[in-house]
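Shown next, in structure tokens, is the structure this report addresses.
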């Protein structure tokens, strides 16, 4: 390629070339949508000071990604914190605590709330400050801006305005969305890296319009004035609709002329561009939004538990206030009141004459007293645990891919526990199950099949199954096969073709050598690949997809080497049959009709050196065949037979065709196409596709290609394990039915002995119905699919209980009807009853719709996994989205919740980390409620024995520090480190995953069981403690215990009980667990000693109580030991009995873990 030297091409010459290619200037105005339909933007290039430009009032180029500002941080952050029900409740309690109703000092209530809310706000502030610093750095980057006269000057990005002309140097980021005007290359080409936009590292080729490609000299720029009319700001990274009006001529602008902000210039010295979108109008900022909010099932159930606790709290407070009212009313009778009360001098809070009001105030007092039932630190503890769990996932060496140097990544920590509850996996095929590294292995040309080497799918198929393809279609024998051996094993990447009939120039001896020549000319010309010369002068190809690079490589190996591309031409080193040597041929490139998922084909229109106009086309066989002309079907029957044969071998196929155009037809069509390209409205793409469809008719079929996409390492074993775990696996792919089925057998999704339920629309039925109206056709097809679904349901129900697994296979056309309102329920019922489901020929939208249907109707956890942009909708719709960082870039990863390098790592992610995280989070939440109920109900029993007076059993700081200091770290250690079984056994016994699917560890019986355990523990602690220390001497001087000693003794028993309860529950001990459990108990004693030294005004009832009364009393230590053991016995006996007599599956595996000498192999 040329370097910085450029050839001098004048605007007049460029305009002449442009018109010679059939792009006449338009005298009529372009088609622009109304001002409010999204296509109203006008940009005055290099004329930002004009009144028209100033009136537009576009935003500047400053960006801000912060969530807060200095002015709104405090109110907005506080609002975010108190949206949580628990925090709001404690705010209300803190406010009431400043009134005389409070049973303890306000500061003891306020401090824990301030600590929890303050810590979260500090975290938010630090994160937002980091974003602010990044914004400042980006906004102050430098860029060269044209001054409108003769030179460029440097300014900050934030000062750019729409219409400015900028110069960007090599390896610099683009400061805004730019219209590419010219580059340091003579043909206006530049290379861009878009990693910051879509994560893709491969370079994108951009090309300026020919009419502006010489605008690289400052003097030329001075006279450049143009008007751009285009779409309004939007988030679509890969589309752009607009028109450049320059010197009275209108030129359509495509995405190839747009340089997006935050992408980087590569392999090009410099480019010139006009600013189109600035600041938050740029496409990267339009995409800067939070991903869909996903919450785990456990989180949703946890909210319900909080509401249950709130209800319990209100009930307890109501009971207490009712009894308080009754007792208070009794005080009105003389002689019946207690000696220390003076009813005649009572306040409003204790007035026998107004008992209802007194009971209401007492209700508020109890809300504060029993507030510890609501776990204030639960949410922040769970956030800490999930972040630490995510760090373990990120650092798991078993999920690190050495080939790509990519570890697993938890891109969100909100869904860790969901991994252990996955019921259905919906997977893409290409690039997810396969490598997306294509190899050209076979082809059919002129009705003859070439290529002898067997593919991986055929080898796998012969090993794993006796699959009979006649169940799908009756296919005739392959018409011709050329088997040859003796080729060297080493081949270029993407080329694994073996056939002496075509290689080494032998194709010229074939009877249809002219067809073969046209076939490989189509593969060598009909693409958008870019040739890149290496230091060793070897040519490699940068292509938008692996398929394109494979086709260009194959054509090169067979004598048609693509070596150069310009804006208007494409050049080949081509084997000439007449001379027997390679010659250089250059084809003028007139139009490129690009591939899209809707069109399913790509075409180019070229002019040969002999001035012949040709349309070259490749695409899906179903699309190509319906566009064949009368004289273009000579090889259709044989080619379709070969395509079916290739598909049944698991190969990906494309049909290849061409057409000769007359000059008159092309000129007429090109004018229509140019007008369509110039249209700027919402129907732009539809209009362009409609015009393109008119020329892609009367094609002549040349043949078909077959490329192999090999399975990734470990895919069959992974799917087998996941199936053993009881996970339903669906494949959603755009491949043909036969290809998808054979890949299903290769990866063991389909197995020998499975009954196949195939739902597809026969092409013959569709063709027969086309003579009728559209509504009649759709009605008939709908009835046809309905009948097939009901027949399949009957077949399944008839064999129910036989143990025979079923596999459902459905194509995209049938799926469109199956997803209709009337059929979605029968279809899903049928699919759920099958062990495996394969949906082929599906569009990206259908993938998302199927995922939504499964998620909503089954109400089970769904996981979607994919690697490409067409999988993004599916990943975002599923409960969990897993992206594979493969060949198709990083768009799927950037839209995912978890990222892995290969499909096989999904086994460890779900069966190991999923099981651990689910069990840990479930146990952590249950234990959290247990310890709070144990503590809270001791307060209730004490108040009940104190005539519901609102008197707390404990010192107010004891209550405040219970969840913050004495029980917080052990529960976090439980959520991070506990293991019921090892990773090896999780893989060895995949049925452990069923615990999560059936929600064993977080079911309502289990939750209520822990709550009841808490109530029982509180009863034992209160009654055993009071019974042990009351009515007898406690101190050495013979004094009995008072409420201060009772409070310390009960609190000590509570701290010991809840921490020892955790120690009994744990399955896996490390020094960390020992440190936090016994350390928390030790911290309680240290706190009690230090706090006791504070003056009585501060420590109140805790003043010297431990050292002077408790520590020296044997009764205190004996009571603690006896009460703690008694409180733990019910759970110990219950769990021991259950695990011995009624063990669960995980209990049996735990027993195996305790027998290291046992052979685990079954």
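In my numbering, the protein residues as written are 3 to 1164.
The beta carbon of each residue, even a glycine, is placed where N, CA and C say it ideally should be.
- Query: With respect to the beta strand (DSSP E) encompassing residue 1166, which residues constitute its N-terminal and C-terminal limits?
  - Reply: With the chain running from 3 to 1164 in the structure shown, residue 1166 is simply not present.
- Where does residue 856 fall in DSSP's three states? The residue labelled residue 856 in the question sits at position 854 within the chain shown. Reduced to three states, the DSSP call for residue 856 is helix.
- Item | Between the CA atoms of residue 422 and residue 391 - distance to the nearest angstrom | Within the chain shown, residue 391 is the residue found at index 389, counting from 1. Within the chain shown, residue 422 is the residue found at index 420, counting from 1. Each residue's alpha carbon lies about 13 angstroms from the other.
- Query: Mind checking residue 984: buried by the 16 CB within 10 Å criterion, or exposed?
  - Reply: Locating residue 984 in the chain shown gives position 982, counting from the first residue. That one is exposed.
- Message: Would residue 371 and residue 954 qualify as a contact pair, given that the criterion is a beta-carbon distance under 8 angstroms?
- Response: Walking along the chain shown from the start, residue 371 turns up at place 369. Walking along the chain shown from the start, residue 954 turns up at place 952. Yes. Within cutoff.
- Task: Assign residue 155 to buried or exposed, taking buried as 16 or more other Cβ atoms, counted over all protein chains shown, within 10 Å of its Cβ.
- Result: Working through the chain shown from its first residue, we reach residue 155 at position 153. Residue 155 is exposed by the Cβ-count criterion.
- Report buried or exposed for residue 981, applying the criterion of at least 16 other Cβ atoms within 10 angstroms of its Cβ. Along the chain shown, one-based indexing puts residue 981 at 979. Around the C-beta of residue 981, 16 or more other C-beta atoms lie within 10 Å, and the residue is accordingly described as buried.
- Query: With a cut-off of 8 angstroms, do at least 3 Cβ pairs link the segment 845 to 852 to the segment 868 to 879?
  - Reply: Enough Cβ pairs lie closer than 8 angstroms, so yes.
- Item | Start-to-end residues for the beta strand (DSSP E) that takes in residue 905 | Position 903 of the chain shown, counting from 1, holds the residue named residue 905. DSSP places residue 905 outside any beta strand (DSSP E), giving it a letter other than H or E.
- Message: My parser needs the beta strand (DSSP E) runs of 3 or more residues fully inside the segment 227 to 278; what are they?
- Response: Fully enclosed beta strand (DSSP E) runs of 3 or longer: 228 to 232, 244 to 248, 251 to 255 and 266 to 268.
- Message: If I follow the unbroken alpha helix (DSSP H) through residue 885, where does it start and stop?
- Response: As a position in the chain shown, residue 885 is number 883, starting the count at 1. Under the DSSP assignment, residue 885 falls outside any alpha helix (DSSP H), being part of the beta strand (DSSP E) whose first and last residues are 882 to 886.
- Task: Only counting runs of 3 or more residues, tell me where the beta strand (DSSP E) segments fall wholly within the segment 576 to 640, in order along the chain.
- Result: The qualifying runs are 583 to 595, 603 to 609 and 615 to 621.
- Task: Within its chain, find whatever has a CB closer than 8 angstroms to the CB of residue 2; leave out the 5 residues flanking it on each side and keep chain order.
- Result: Residue numbering for the chain in the displayed model covers 3 to 1164; residue 2 lies beyond these limits and cannot be assessed.
- Message: Can you tell me whether residue 442 is buried or exposed? The criterion is at least 16 other CB atoms within 10 Å of its CB, across all chains shown.
- Response: For the purposes of this step, residue 442 is taken as residue 440 along the chain shown, with counting starting at 1. Classification of residue 442: buried, given that the 10 Å Cβ count is 16 or more.
- Message: Measuring straight from C-alpha to C-alpha, what distance separates residue 150 and residue 250?
- Response: If you number the chain shown from 1, residue 150 lands on position 148. If you number the chain shown from 1, residue 250 lands on position 248. Whole-angstrom Cα-Cα distance: 21 angstroms.
- Task: Between the Cα of residue 58 and those of 633, 820, 136 and 231, spot the shortest distance and give me the residue it belongs to.
- Result: Taking the chain shown and counting its residues from 1, one reaches residue 58 at position 56. The option with the nearest alpha carbon to residue 58 is 231.
- Query: Any chance the CB of residue 580 is under 7 angstroms from a heavy atom of the ligand GDP?
  - Reply: Among the components of this structure there are no ligands whatsoever, and the ligand GDP is therefore not found.
- Message: Let me make sure I understand the geometry here. Which of 191, 968 and 494 has the alpha-carbon closest to that of residue 568?
- Response: Mapped onto the chain shown, residue 568 falls at position 566. Selected option, being the one with the closest Cα: 191.
- Work out the CA separation of residue 531 and residue 570 for me, nearest whole Å. In the chain shown, counting from the first residue as 1, residue 570 sits at position 568. In the chain shown, counting from the first residue as 1, residue 531 sits at position 529. The alpha-carbon atoms of residue 570 and residue 531 are separated by roughly 14 angstroms.
- From residue 97 to residue 1058, what distance separates their C-alpha atoms? The sequence position of residue 97 within the chain shown is 95, counting from 1. The sequence position of residue 1058 within the chain shown is 1056, counting from 1. Their Cα atoms are separated by approximately 32 angstroms.
- Item | Residues bridged to residue 963 [DSSP beta-bridge criterion] | Stepping through the chain shown from its first residue, residue 963 is reached at position 961. Answer is none; residue 963 lacks a bridge partner.
- Query: Are the Cβ atoms of residue 555 and residue 637 separated by less than 8 angstroms?
  - Reply: Within the chain shown, numbered from 1, the residue matching residue 555 stands at position 553. Within the chain shown, numbered from 1, the residue matching residue 637 stands at position 635. Contact: no.
- Message: Whole angstroms are fine: how far does the CA of residue 643 sit from the CA of residue 472?
- Response: What you label residue 472 is simply residue 470 of the chain shown in a count that begins at 1. What you label residue 643 is simply residue 641 of the chain shown in a count that begins at 1. With a pLDDT of 37 at residue 472, under the threshold of 50, the predicted position of this residue should be treated as unreliable, and no value is reported.
- Item | Contact under 8 angstroms by Cβ, residue 162 with residue 140 | Stepping through the chain shown from its first residue, residue 162 is reached at position 160. Stepping through the chain shown from its first residue, residue 140 is reached at position 138. No, they are not a contact pair.
- Query: At a cut of 8 angstroms, does the segment 1077 to 1088 reach the segment 1009 to 1021 through at least three beta carbon pairs?
  - Reply: These segments do not touch.
- For the beta strand (DSSP E) holding residue 155, just list the boundary residues, first then last. Counting from 1 along the chain shown, the entry for residue 155 is found at position 153. Unbroken beta strand (DSSP E) run through residue 155: 154 to 158.
- Query: alpha helix (DSSP H) containing residue 425: first to last residue?
  - Reply: Taking the chain shown and counting its residues from 1, one reaches residue 425 at position 423. For residue 425, no alpha helix (DSSP H) run applies; the uninterrupted beta strand (DSSP E) run containing it begins and ends at 424 to 429, by DSSP.
- Message: Does the structure place the segment 809 to 818 close enough to the segment 829 to 845 that three or more beta carbon pairs sit under 8 angstroms?
- Response: Three or more pairs of CB atoms, one per stretch, sit closer than 8 angstroms, so the segment 829 to 845 contacts the segment 809 to 818.
- Give the DSSP-derived three-state secondary structure of residue 130 in the structure shown. By one-based count along the chain shown, residue 130 stands at place 128. In the structure shown, residue 130 adopts helical secondary structure according to DSSP, grouped into three states.
- Task: Go ahead and label residue 128 buried or exposed: buried means 16 or more other beta carbons lie within 10 angstroms of its beta carbon, across all protein chains shown.
- Result: Position 126 of the chain shown, counting from 1, holds the residue named residue 128. Burial is judged here by how many other beta carbons sit within 10 angstroms of a residue's own beta carbon; residue 128 has fewer than 16 and is exposed.
- residue 972 to residue 1064, Cα distance in whole Å? Residue 972 sits at position 970 when you count from the first residue of the chain shown. Residue 1064 sits at position 1062 when you count from the first residue of the chain shown. Between the alpha carbons of residue 972 and residue 1064 lies a gap of roughly 8 angstroms.
- From what residue to what residue does the alpha helix (DSSP H) around residue 1061 run? Taking the first residue of the chain shown as position 1, residue 1061 is located at position 1059. Counting along the chain, the alpha helix (DSSP H) containing residue 1061 begins and ends at 1045 to 1067.
- Where residue 368 falls: helix, strand or coil (DSSP): Along the chain shown, one-based indexing puts residue 368 at 366. For residue 368, the secondary structure class from DSSP, reduced to helix, strand or coil, is helix.
- Query: Count the other CB atoms within 10 Å of the CB of residue 478; is the residue buried (16 or more) or exposed (fewer)?
  - Reply: Taking the first residue of the chain shown as 1, we reach residue 478 at position 476. Model confidence at residue 478 stands at a pLDDT of 33, short of 50, so the residue's coordinates are unreliable and nothing is read from them.
- Item | Length of the line joining the Cα atoms of residue 977 and residue 1007 | The sequence position of residue 977 within the chain shown is 975, counting from 1. The sequence position of residue 1007 within the chain shown is 1005, counting from 1. Going from the Cα of residue 977 to the Cα of residue 1007 covers about 21 angstroms.
- Are the CB atoms of residue 393 and residue 552 nearer to each other than 8 angstroms? Walking along the chain shown from the start, residue 393 turns up at place 391. Walking along the chain shown from the start, residue 552 turns up at place 550. For the 8 angstroms CB-CB criterion, residue 393 and residue 552 do not form a contact.
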